[in-house]
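Asker: Start counting the sequence shown at 255; every next residue gets the next number (our numbering).
Glycine included, each C-beta is placed from N, C-alpha and C at the ideal position.
Bear in mind that the values here come from a model prediction, so they are computed numbers and not experimental data.
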Amino acid sequence: RGKGSILSAVDEPREGEDGQKSPAQQHALREQALTVRRCARELRQVVLEQFEKAAREGDHEQVKRFAGILGPIGLVESGLQAFTKYLIGLISSRATTEYDTLLAEISIPKNLESERRVNFNKAL
């Protein structure tokens, strides 16, 4: 973008004659930086909350969607913790279901032949 472009007035604040920004420009830049930081914080909070909501509800597609966003917005550590917690819960839930199914097959054998057909590998 050259000096004559429309965006140059927006992107490049005018400097004083000595190359320094005026106090008003410095104040405006500080305010803009604060706004950007606040918005980034709010975005991180909303994305993490939505991720946790999807995890609680077992919405795997939304979990994957938000997990892909966590790193790029600077939530690598907390995102990894939240995703690990989700995976542990998912594995635990599936293991409990498989265990209960296997236990039901073992607990109620109809005859000796049905006992021999209990599939322990299916629980894995």
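Quick one: does Q286 have its CB under 8 Å from some CB of chain C?
Answerer: Annotation note: the requested chain C is absent from the structure, which comprises a single protein chain.
Asker: In three-state DSSP terms, what is A276?
Answerer: The question names Ala, yet the displayed sequence has Ser at residue 276. The answer is coil: DSSP assigns S276 none of H, G, I, E or B.
Asker: Apart from the five residues on each side of it in sequence, which residues of its chain come closer than 6 Å, Cβ to Cβ, to A309?
Answerer: Once the five neighbours on either side are set aside, the close Cβ partners of A309 are V317 and Y340.
Asker: Roughly how many whole angstroms lie between the Cα atoms of H314 and E306?
Answerer: Straight-line Cα distance between these residues: approximately 11 Å.
Asker: Rounding to the nearest angstrom, what Cα-Cα distance links E352 and A358 in this structure?
Answerer: Near 10 Å, if we compare the C-alpha coordinates of A358 and E352.
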